[in-house]
Amino acid sequence: MNGFIAAGIIGISLGAQYALLALGFTLMFGILGVINFAHGAFYVVGGYFTYAAVSWLGLPFPAAVIVAVLLAGALGYVFELVVLEPVIQDYLATLMLTLGFHLILTTAILVIFGPESPHFEFPVSGAIRGEGFYIPYANLIVLAISALAIGAIYLIMHRTDFGRALRALADDRAVAAAQGIHPRRLFPLAFAVATVLAALTGALVTPMLALAPNLGESVLTTSFMIVILGGLGSIGGATIAAFVVGIVEAYSSVYLGGSQGALALFIIVLVILVVRPRGLFGSEFVGH
Amino acid sequence: MTAVAEDRFPRADWELRIENISKNFGGLQLFRDLSFVLDAGNIMGVIGPNGAGKTTLINVICGQLPLSSGKIYLGKRDVTGLPPHTLSRLGLVRSFQQTNTFKLATVRENLMRAMRFAGSGPDTWNLIDDLLDAYELKARLDEVSDSLPYGLQKMLGLLLAYVTKPKVLLLDEPAAGLEQRERGNVDRLVMHAQENIGCSILIIEHDMELIRRLCPHIIVLDAGNVLAAGAPDEVLSTRSVIDAYVGRSDDDD
Amino acid sequence: MGAFVARIGRAELACIVLSVLAFSVPFLTHDRLFYSISNQIMIAVIAAFSVFIMLRMNLISFAVPAFMAIGGYAAAIAARNGLTDVFALMAIAFAFPALVALPLGALVLRLRGVYFVLVTYILSEILQLFLFETPGLTGGSNGIAGIPAATFFGISLGRYEYVLLTTAGILLLATVITAATTRYYGQQFSAIEENEVLAQSLGLVVWRYKVIGFVIAGGVAGLGGYALVTMLLTAHPSSFSSFSGVSYITYAIVGGRTSILGPVVGSTILVWASNLFSSQAQYSQGLFGVLIVFVIFAAKGGIVGTAEYWLKRWLRKRSDPGAGDDLAPVGRSKDAA
Amino acid sequence: MRNKYYLAFPVAAAIAVLSLSVASPARAADCELKMGVMGPLSGGAAAWGDAMRLGAEFAAAEANQKGGLKIGADTCHVTVLPYDSKYTVEGAAAGGNYFASQGVNFIIGPVGSPEATGVKPVAERNGQITFNSAYAKDAIGPQWPLAFHQVVGPGTWASPVVAEAKKHFDIKSVVVVAPNDQGGTDIASVDADAYRAQGIEASEEYYQRGTTNFAPIVARMLSKNPDVIDTASSPPADAATMAKQLRQAGFTGPLARLGGPGTAQILNAVGGMKNLGNFYWAEIVPIDDPKVKSLWDDYKKVMGKAAPNNSLFATSVAASRLVLKAISKAGTQKDVNAVRDALRSLPVVDPNLGKGAWTGKETYGIAQEMGFPVGMGMIKDGKNLGVRAIDVTTK
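Chains as they are written, first to last, in my numbering: chain A, 1 to 288; chain B, 289 to 541; chain C, 542 to 878; chain D, 879 to 1273.
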C-alpha cells in the first residue's frame, strides 16, 4: 500500500518534469510545424550552461539558471532565423536540420565538458517524509515552476497579441500572413520560447539527477511519447499526457520493473494512438 | 465506374441533398442545421462573407472533414461519413482554391493521373480536347505544372476535377486570384461540363458577376446559416444580404 | 534500346547496373578495409532504399532498424535451426518483416504523416525491449552468435569473399524490388508526395498505396538486416539501435529523395565519410551533423537532386540560351513512361 | 598512403570498382611495429576508450625510449594506431578490418561487450590478436584462440570479493541492478550468482538503458527490502543517481558496486563519506598499492601530461607490455600464431601490477585471461578503509 502511494507521488513529480519538457516540443510543432530533434540537446545544453555559470562564473543557482536559459533561448532564436526559416514550410528539411543540430550540439558539449558527468548539485536538498513516502523539496520546486510555466504559456497564447498571432499562424499560415502577421518575425521568437522551456527543464532536472552529454536521446523519446499521446500542438493535451506518462511509468516500473515497465509504457501509448489517432486531445486545426 | 454514359438527361442520383448538417471545431460552431438541395443537372452558387464556412462546407461534403451531425445524400444514397476517395468514385468531386495541381508533374501527367485515379477512360482526352485548345494548354502539355502561370495552373486544377467525369462537381472559388480577362475561362469550363456530361455543379465564389452569369439559383451563407436563397438578382438585393457584406474584408476563409 | 531504358528508367537502370558491378569487389582487391567498407555501404544502401520507398510518399520511417532486426533475426534463427540455403534465408528475411508491416501499416498509416514519423521512432525502441525480453528466442541482450555460414547449392559461403558476393546478391534483389515498386507505383507515389489531398479527392485510395509501400519497405529493410547479420556472423541488439535509423534516413535525404540514385550516392559518401571520421575519434558525430545541415541547407533535393538540376540547366542553356530558369529547383527525372 | 587511399573511396565504392586503388595493404617501412588500439573514442563511453588508448601509447613510448623493440635481428619503432569502435558490434568489426588493411596484427582492446562480440570473429578471420577488457560471458573462448582478456572477469573475482564483503557487512539479501543490455546483464547475473554461492538471497533488477530518473526503480528495489543494493556495471552516472535517490528514499544499508568504477562520482552524488555510510566496490586493479600508484607518475614523466583517471589504463599498459614482450620473444611480427604461443608461455608479471597468472580456464574454457590481483575498496561507517588487493590467480 505504501509502495502504491509512493509510486503515485513519484509519478506526479515525473509528470511535472515531463510537462515542462513537452510544452516546448508541442508548441514548436503546433506553431512552426517543426519536429524538433534538437529538443533533447537543448535540455542538455540548459543543464551544462547552468553548470558552467555556477562553477565557472560562481553565480548563485537561480541566477545561473536564468542566464543559461536565456543563452539557450538566444541560441534557438539564431538557429531558427538563420537555418530553419528558409525551409520552414518543408517538414522533412526542418526535421533533418534539427537532427543535424542535435548531433552538433551533443558533440560540442562532449568536446567542451568531456564525457564524464560533472559534479552538479541542486542547491536545495532534504525531503518531506511521511508514512511510507517522501517528497524531495527539489521535486516540489520543479512542480511549482512547471505549473507557473504552463500557466504563463497559456496566458501568453490566449491573452497577448503575440500569442494570438502565433495561434493564427498555427491555424492557417497563409491566412495569418494575409492579415499582416509576419512569420519571419514571430517564428524565431516562438522557437526561442520553446528552447527556453527545454533548457529550463534541463537546468532544473539535471542537477537533481545527473548531467551527461548523451542524455538528449532518451529525453527526446519521452517528449515524442507525450506529444503523441497528448495530440501534437495541444498545450492542454501535452500537459495531461505528461502526467499520464509520468504516472504510468512510475507504476509500471515499480510493479513490472524498469525494462518491462518501459515496454508496457510504449505499448500503452501505441494502443491509445490506434484508438484515438489524433492523440487524447489532438485538435483538428493545429498541425500540418 | 464513373465512366458515365454521355446521355444528355441526368439521372436522379445526380442530385446532392444536404440535410441539416452541423460542424463544430472544438467550441466554435461553423454552421448549424444547414440544409439545401442541388437538383440534378443544375448549377447553384454559394456566396457569403469570410468565416461564413463556405470552404468548410465543401470540405465536409467531400469527406475531408468529419461532420458533427446531419446527413448527406447523393441521389437516394446516404454518403454521410464516406472517405473522399469513395465519394469521388461515386461521382462527387471537388476543385481546390490553391495548390490544386501536382506541382512537379507535367500537365499531361497531371491529367493522366486524374483520369487514372478516377477510372475515367483515356477517351476522356477527346472530352477536354477543345478546352485544352481554348486554354492554350495543348502546346504546354509537357511543361511542369508548377512552371505554368497562375491562371493556367488554376484552370488545370479545374480540369483535373472535370476529367473524373463527376456527377456532382463542387468548385471552391474557381475565379479567386484570376485576372478579370481570365475569368471567362471558368465560365467556359462550367458551360462545357453542362453540355457534355450534364453534371450538377456547386460554385462557391466571391465574384458576384460570375455568380450572376452562371447560377440560376444561389444561397447566401452567413455565420453558418442560410441567410437567403433564390435567383441571384432578388437575393443580392435583399437588405440582410447587403448588411452581411458591409465592412467585411475580402479574402479567403 | 532507348525505349527499353525509358521503360525501366535511367536512374533505376543505373542502380541495377551498379549493384551488378558490386559483385566484382572481391575480385578487385584483397584489402580487408575495402571489403569491410564496401560491405557496409551495400548494407547501408539497402537500408536507405527502405527509407526511400516511404520518402516517395513524404513519409519518414524510423522503423527501418526494427524491420532489419526482424529480418536479420528471422534468418539467423532459421540458420541456427539448420536452414542454410541462401535463397531460402533471403526469402525469410524479406517475408517476415513484410508480414509484420502489413497490419502495422494498416493501423499506423491512418494517421497523418507526422504521427507516422513519431510512431515509427517508438517502434524501434519497442523492438529493442522486445529483444531483451525474449532471451529464449533471440538470445536477449547477448544476441545470437556463431551463426552457420549460408550455403549456395551446397557450397559454404563462409569466406569473406563469399560474404561479399552474398551481400551483393541481396543488394541486387533489394535494388530490383525498390526500382520495380517505385516505378510501377510511380504515378501514385508522386501524386501522394506532391498533393495527397488532391490525389485522394480525385479517387486515389491513398492509404492503400502507403500500406503497399510500407510492406515492401519493411521487406527491403529485412533484406538489409540479413546482410548485416551475414557480415557480422552475429545477430546483436546493438546492431539495430533506434538511432541507427537516423543514419539511414540521413543517407537517403542527403543523397537525394528525388531519384533512386539518391540513397545509393548518399549511403556511399556518408558511410565512407563516417569510416574516415572514425579514426578522427570523437568528432565523428559532430562532423556528421555539420554535413547534414550543410547539404539540407545548401542543396535541396540532396546531392543527386542538385546535380540533376544543374545538369538540366546546363543542357537547356546549350540547346537554347536564355531558357532553363523556369525549372523547379527540385527536378525529378521525367522519362516519358 | 592512407589519405590517397581514402580519397579513392567515394568514387570507388560508388561504382564498386576500385581497380585504381588496389593498393596493397600497408606494409611497415624499414622496421616499424604497428600496434592497434580500439575502443569507444566518442560517445558516452569515450573515457574508457581513451584510457585504453593512452595505456597502449604509454607502453609504446616506453619501448621506444629504450631505442625500440627488438624483433629478431632488428630493432623496431613502435607506433600506435587508434580506432573508434563506438561501443558497437559494427564499429569493432569494421575496426578489425581497418587494422588488417593497415597491416596491424596486434590489437589492444576493444573495451566493451558489444565490441568484443563484433571483433572476435573478424580478428580470427584476419589472424589478429585482440586483448579486450569486456566483462561479457564469452569475452574469450576456445573457439577464438587469438582473443585475450586483459581484465579479470567477474566470473573470476566476484566470489572472493563477495566473500570478503561478507566478513565486514551483515548481508542476507541483495538486489543487483544494471541496465537491460549486454553490458548490464553479463555482470549483474554473474554477481548475483556469486552472492547466491555465498548463501545470500540475490535478485536481479534491469532498467531501460537511457533512464535518467531512477525514483521508480528505487521504489521497486526497496519494496524487496534488501540488506545491500549492488549497482554492478551500471554506468557511473546512473550508479551515482541511484545512490543519491536510494539515500534520499531512506535506504541506509550498504551500497555495493561490483563491476564498474565511479566511486568518486557516487561520493559526490550522495554528498560525502558520511551520507554514503557503508559502501564496497571492486577495482580492476588495487589502485592504492604504491607500485600501481607509481604507474600514474611514470606516465606523467614519460608523456609529460597527467594519466587518465581510469584504472583500465593500468591493465591496458600491462597488456601492451606483455604483447610487445611476446612479439620480441617470438622474434617476428608476421607469424601471429608464434606470437600467440609466446604470449601463452610468458609469465604474467608486470613492474606495476606485480605477479599474476593466466586465468580464465574455468570461466571461459581457455586460460588467456591476464590474471593480476584485483582491488576491493571499502567505506565503513563513513570511513574509507582504502582499496585492498584480492588475489584471484589461485583459480
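Glycine included, every Cβ here is placed at the ideal spot set by N, Cα and C.
- Could you work out which residues of chain A lie near ALA1101 (chain D), taking near to mean beta carbons separated by less than 8 Å? A small correction: the amino acid at residue 1101 (chain D) is Ser; Ala does not occupy that position in the sequence shown. Simply GLY3 and VAL254.
- Could you tell me whether the region 639-646 of chain C touches the region 572-582 of chain C, using the rule of 3 or more Cβ pairs below 8 Å? no
- Below 8 Å between beta carbons is the criterion; list the residues of the region 974-1000 of chain D that meet it against any residue of chain A, in chain order. none
- Message: Within 10 Å of its beta-carbon, does GLN89 (chain A) have 16 or more other beta-carbons around it, so buried, or fewer, so exposed?
- Response: exposed
- Message: From the DSSP secondary-structure annotation, give me the bridge partner or partners of LYS1233 (chain D).
- Response: D:VAL1227
- Going by C-alpha distance, which of D:PHE977, D:ALA1012, D:ALA1025 and D:ASN983 is nearest PHE575 (chain C)? D:PHE977
- Message: At 3 residues or longer, what runs of the beta strand (DSSP E) sit wholly inside the region 9-47 of chain A?
- Response: none
- Helix, strand or coil at SER323 (chain B) [DSSP, three-state]: strand
- Closest Cβ-Cβ distance between ILE578 (chain C) and chain D: below 9 Å? yes
- Please state if the CB of LEU1231 (chain D) and the CB of ASP1192 (chain D) are separated by a distance shorter than 9 Å. Checking the displayed sequence, the identity of residue 1192 (chain D) turns out to be Ala instead of Asp. Against a cut-off of 9 Å, the Cβ pair of LEU1231 (chain D) and ALA1192 (chain D) comes out as a contact.
- Spell out whether any CB of chain C is found under 9 Å from the CB atom of LEU262 (chain A). With the sequence shown as reference, residue 262 (chain A) is identified as Ala, and Leu is not the correct amino acid for it. For ALA262 (chain A), the answer is yes, since a Cβ of chain C falls inside 9 Å of its Cβ.
- Query: Who are the Cβ neighbours of LEU169 (chain A) in its own chain at under 7 Å, not counting the five residues just before and after it?
  - Reply: ILE31, ALA176, ILE181, PRO183 and LEU186
- Query: In whole angstroms, what separates the C-alpha of PRO1104 (chain D) from that of SER1051 (chain D)?
  - Reply: 5 Å
- Task: Please look up how many angstroms separate the CB atoms of ILE267 (chain A) and ILE667 (chain C), rounded, as I've assumed it's under 8 Å.
- Result: 7 Å
- Using a beta-carbon distance below 9 Å, is ILE1257 (chain D) in contact with chain A? no
- Item | Same chain only: Cβ atoms within 7 Å of THR452 (chain B), ignoring 5 sequence neighbours per side | THR290, SER376, VAL381, ALA402, ALA406 and SER408
- Query: With DSSP run on the structure shown, which of helix, strand or coil describes LYS1122 (chain D)?
  - Reply: helix
- Query: Where are the beta strand (DSSP E) runs, 3 residues long or more, that stay fully inside the region 411-490 of chain B, in chain order?
  - Reply: 456-460
- Integer Cβ distance of GLY1260 (chain D) from MET1151 (chain D), believed to fall under 8 Å: 5 Å
- Message: Counting beta carbon pairs with one atom in the region 74-92 of chain A and one in the region 232-243 of chain A, are three or more of them shorter than 8 Å?
- Response: no
- Task: Excluding the 5 residues preceding and the 5 following ASN308 (chain B) in the sequence, name in chain order all residues of the same chain whose CB lies nearer than 6 Å to its CB.
- Result: ASP321, SER323 and GLY358
- Going by the beta-carbon positions, is the gap between VAL989 (chain D) and GLY1033 (chain D) smaller than 9 Å? no
- Identified DSSP bridge partners for ILE492 (chain B): B:VAL334 and B:ASP460
- Message: Below 9 Å on C-beta distance, what does LEU745 (chain C) contact in chain B?
- Response: HIS373, SER376, ARG401, ARG404, PHE405 and ALA406
- Query: In chain order, what residues of the same chain lie with their CB nearer than 7 Å to the CB of ASP952 (chain D), ignoring the 5 residues before and after it?
  - Reply: CYS909
- For ASN1131 (chain D), which residues from the same chain have a beta carbon less than 8 Å from its beta carbon, with the 5 sequence-adjacent residues on both sides left out? According to the sequence shown, residue 1131 (chain D) is Gly rather than Asn. Within the same chain, GLY1131 (chain D) has close Cβ partners PRO1104, ASP1105, VAL1106, ILE1107 and ASN1156.
- Residue-chain proximity (MET208 (chain A), chain C), Cβ-Cβ < 9 Å: no
- Sequence-distant residues of its chain with Cβ nearer than 7 Å to VAL1039 (chain D) (five each side left out): LEU1136, ALA1160, MET1254 and ILE1268
- Whole-Å CB distance - LYS912 (chain D) paired with THR957 (chain D), under 8 Å assumed: 6 Å
- Shortest alpha-carbon distance to TYR255 (chain A) belongs to which of D:ILE1095, D:THR1141 and D:ALA1121? D:ILE1095
- Message: Do MET631 (chain C) and GLY543 (chain C) count as a contact pair if the criterion is CB distance below 9 Å?
- Response: no
- Secondary structure at ASP1064 (chain D), three-state DSSP: helix, strand or coil? helix
- Query: Any residues in the region 380-398 of chain B with a beta carbon nearer than 8 Å to a beta carbon of chain C? Which ones, in chain order?
  - Reply: VAL381, ARG382, PHE384, THR387, ASN388, THR389, PHE390, LYS391, LEU392, ALA393, THR394 and GLU397
- Residue-chain proximity (MET448 (chain B), chain C), Cβ-Cβ < 9 Å: According to the sequence shown, residue 448 (chain B) is Leu rather than Met. Judged by the 9 Å Cβ criterion, LEU448 (chain B) is in contact with chain C.
- Task: Reducing DSSP to helix, strand and coil, say where ALA690 (chain C) ends up.
- Result: coil
- Please report how far the alpha carbon of VAL65 (chain A) lies from the alpha carbon of TYR251 (chain A), in whole angstroms. 31 Å
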